[in-house]
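Chemist:
2 protein chains.
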Amino acid sequence: MLKGAISSLVIHRMPRYYRFLGDLQDEGVTRISSKQLADRMNLTASQIRQDFNCFGGFGQQGYGYNVDVLREEIAHILGLDRSMPAILIGVGNIGRAVVKNVNFEAKGFTLIGMFDEKESVVGQVVKNTPVRHISTLDEFCRENKPAAAILCLPKAATKPIAQQLINLGVNAFLNFSSYDIYLDFPDAIVENVHFEDGLMTLSYRLHEKENN
Amino acid sequence: MLKGAISSLVIHRMPRYYRFLGDLQDEGVTRISSKQLADRMNLTASQIRQDFNCFGGFGQQGYGYNVDVLREEIAHILGLDRSMPAILIGVGNIGRAVVKNVNFEAKGFTLIGMFDEKESVVGQVVKNTPVRHISTLDEFCRENKPAAAILCLPKAATKPIAQQLINLGVNAFLNFSSYDIYLDFPDAIVENVHFEDGLMTLSYRLHEKENN
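Sequence order for the protein chains is A and B. Letter by letter, the first sequence follows residues 1310 to 1521 of my numbering. Letter by letter, the second sequence follows residues 1310 to 1521 of my numbering.
See below:
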């Protein structure tokens, strides 16, 4: 696999390829050309070939892609065939939605712990994982060495927890708050999920349509 | 405002600019250069100038940007100073997380109705909005003409509801499922929120770091 020069845009398209190839498997499709995949994904065939070439290329001239093989290759690139220990902090509405809807095992992670500060939530068991008190976070991290943390916290609470986790050696975050972790911790690995950005883009596109 | 040729990438950066400018306002910053904004957002100054030029440009040579004015301009471009009626379908964990965490009014929408099929959920009031039975959706849409729907449904339930809504004249969606609305309804306006994509990208970046 080539390293270093792969753009963030290519990397962010890989989960999408993975999802689409899963849909194709569900439909019983075993082989697909870059043109067909492009049409389906609203991309161009050359973009798809370029994306895959970043990782050495997977197609065969005149044959296209074997769906199963391609999906497995992408799973490997994404590390989905391995498993990293992850913790989740903040078991409110978003935290619960994540735990109940995300298949961690299929996405490269094992959820090994959940934390909250609310006494009413601590001790609850969500999807087989008990919620621990946030005061036990240091001890838990030193013993269990999570590789990543899913932060389902309000904006103001996210910075101190990110700082605490980085001090404990955890520096990869899936961040659901609008606090920008990069600003204070430029070396952290961060993926953000911003509900509201999607809504704003939708608003733009509705008015764009209206105006045209 | 220029129309038609603005790329999806530029459009998707606009909510991010809007968020960052809000942070600057909170910090009391009133003026910023494209270079300073770029450093903060992990972009280049020329990319920022290009992005804003798509909408006619907002800066003043040698002065930079007035934070308040720029944020207001972007709010206008995104339609946040207007309000479109929206409904939410599926009041499970994700639906609740959205209703409780998203400030619709500040993002260009008014939440006018919520729907679910579960008798135990129907009649509940979440953030001042009662949950209605999904069987009343047709009547409600004909009377209230929502412009957009937030779909917080499992994958299998999303397609028939999208079809029903499109038949009712609602064709803009914020979609939380992994069902790809574009495939069957290419004319719909769709923004997707994929929790799991972020987790997969995080997995990639953790292994990339590990491998280097």
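Even for Gly, the Cβ is constructed at its ideal location relative to N, Cα and C.
State the Cα-Cα distance for the pair Met-1323/B and Glu-1452/A, rounded to the nearest angstrom.
Modeler: Cα to Cα, Met-1323/B sits roughly 42 Å from Glu-1452/A.
Chemist: Residues of chain A with CB closer than 8 Å to the CB of Val-1407/B, please, in chain order.
Modeler: Chain A residues near Val-1407/B: Phe-1504.
Chemist: List the residues that DSSP assigns as beta-bridge partners of Gly-1422/B.
Modeler: Note: Gly-1422/B sits in a beta bridge opposite Ile-1396/B.
Chemist: According to DSSP, is Tyr-1488/B part of a helix, a strand, or is it coil?
Modeler: Reduced to three states, the DSSP call for Tyr-1488/B is coil.
Chemist: So His-1503/A is in the alpha helix (DSSP H); what residue range does that whole segment cover?
Modeler: Premise fails: His-1503/A is in no alpha helix (DSSP H) and is neither H nor E.
Chemist: I need the boundaries of the alpha helix (DSSP H) containing Leu-1346/B, first residue and last residue.
Modeler: That run of the alpha helix (DSSP H) goes 1343–1350.
Chemist: At the 8 Å Cβ level, is His-1516/A part of the contact set with chain B, yes or no?
Modeler: At least one chain B Cβ lies under 8 Å of His-1516/A.
Chemist: Go to Arg-1322/B, then tell me how far its alpha helix (DSSP H) extends in each direction, as first and last residue.
Modeler: Taken as a continuous stretch (DSSP letters only), the alpha helix (DSSP H) holding Arg-1322/B covers 1317–1335.
Chemist: My understanding is that Gly-1417/A touches Ser-1392/A, with C-beta atoms under 8 Å, so please give their C-beta distance in whole angstroms.
Modeler: Right, their Cβ atoms sit about 7 Å apart.
Chemist: Which chain B residues sit within Cβ distance under 8 Å of Asn-1410/A?
Modeler: Chain B residues near Asn-1410/A: Asn-1402, Ile-1403, Phe-1504.
Chemist: Short of 8 Å Cβ to Cβ, which residues in the stretch 1356–1375 of chain B face chain A?
Modeler: Listed in sequence order: no entries.
Chemist: Give me the residue from Arg-1340/B, Ile-1396/B, Val-1408/B, Ala-1395/B with the minimum Cα distance to Arg-1380/B.
Modeler: It is Arg-1340/B whose Cα lies nearest to the Cα of Arg-1380/B.
Chemist: Starting from Arg-1441/A, trace the beta strand (DSSP E) in both directions and tell me its first and last residue.
Modeler: Counting along the chain, the beta strand (DSSP E) containing Arg-1441/A begins and ends at 1438–1442.
Chemist: Name the residues in the stretch 1412–1444 of chain A whose C-beta lies less than 9 Å from a C-beta of chain B; which are they?
Modeler: So the list reads Asn-1412, Phe-1413, Ala-1415, Lys-1416, Gly-1417, Phe-1418, given in the order they occur along the chain.
Chemist: Smallest Cα separation from Lys-1436/B: which of Val-1408/B, Arg-1514/B, Phe-1449/B, Glu-1448/B?
Modeler: Here the closest residue by C-alpha is Val-1408/B.
Chemist: So that I know if they touch, is there some Cβ in chain A lying closer than 8 Å to that of Ser-1342/B?
Modeler: Cβ-Cβ to chain A under 8 Å: no for Ser-1342/B.
Chemist: Would Leu-1333/A and Val-1378/A qualify as a contact pair, given that the criterion is a beta-carbon distance under 8 Å?
Modeler: Going by C-beta atoms, Leu-1333/A is not nearer than 8 Å to Val-1378/A.
Chemist: For Leu-1511/B, which residues in the same chain have their Cβ closer than 8 Å to its Cβ, ignoring the five residues on either side in sequence?
Modeler: None.
Chemist: Is Gly-1432/A buried or exposed, if buried means 16 or more other CB atoms sit within 10 Å of its CB?
Modeler: Gly-1432/A should be labelled exposed.
Chemist: Taking the CB atoms as reference points, tell me whether Ala-1406/B and Ile-1475/A lie closer together than 8 Å.
Modeler: Contact: no.
Chemist: How long is the line joining the alpha carbons of Thr-1419/A and Pro-1394/A, rounded to whole angstroms?
Modeler: Approximately 5 Å between the Cα atoms of the pair.
Chemist: Determine whether the beta carbon atoms of Val-1502/A and Phe-1361/B lie at a separation below 8 Å.
Modeler: Cβ atoms of Val-1502/A and Phe-1361/B: not closer than 8 Å.
Chemist: Could you run through the stretch 1323–1334 of chain B and flag, in chain order, every residue whose CB is less than 8 Å away from some CB of chain A?
Modeler: Listed by position along the chain: Met-1323, Pro-1324, Arg-1325, Tyr-1327, Arg-1328, Phe-1329, Asp-1332.
Chemist: Would you say Asn-1447/A faces chain B, with C-beta separation under 8 Å as the test?
Modeler: Before going further, note that residue 1447/A is Asp rather than Asn in the sequence given. Not an interface residue.
Chemist: Here's the rule: buried if 16 or more other CB atoms are within 10 angstroms of the residue's CB, otherwise exposed. What is Asn-1484/A?
Modeler: Under this definition Asn-1484/A is a buried residue.
Chemist: Please work out which residues of its chain come closer than 6 Å, Cβ to Cβ, to Ile-1498/A, disregarding the five sequence neighbours upstream and downstream, and give them in chain order.
Modeler: Excluding positions up to five away in sequence, the list reads Ala-1481.
Chemist: Near Phe-1329/B, which residues of its chain fall below 6 Å by C-beta distance, leaving aside the five closest residues on each side in sequence?
Modeler: Excluding residues within five positions, the ones whose Cβ falls inside 6 Å are Met-1350.
Chemist: Under 8 Å, Cβ to Cβ, is there at least one residue of chain A near Gly-1388/B?
Modeler: Taking Cβ atoms only, chain A reaches closer than 8 Å to Gly-1388/B, which makes this a yes.
Chemist: What number of angstroms, rounded off, separates the C-alpha of Asp-1390/A from the C-alpha of Glu-1382/A?
Modeler: Cα-Cα distance, rounded: 10 Å.
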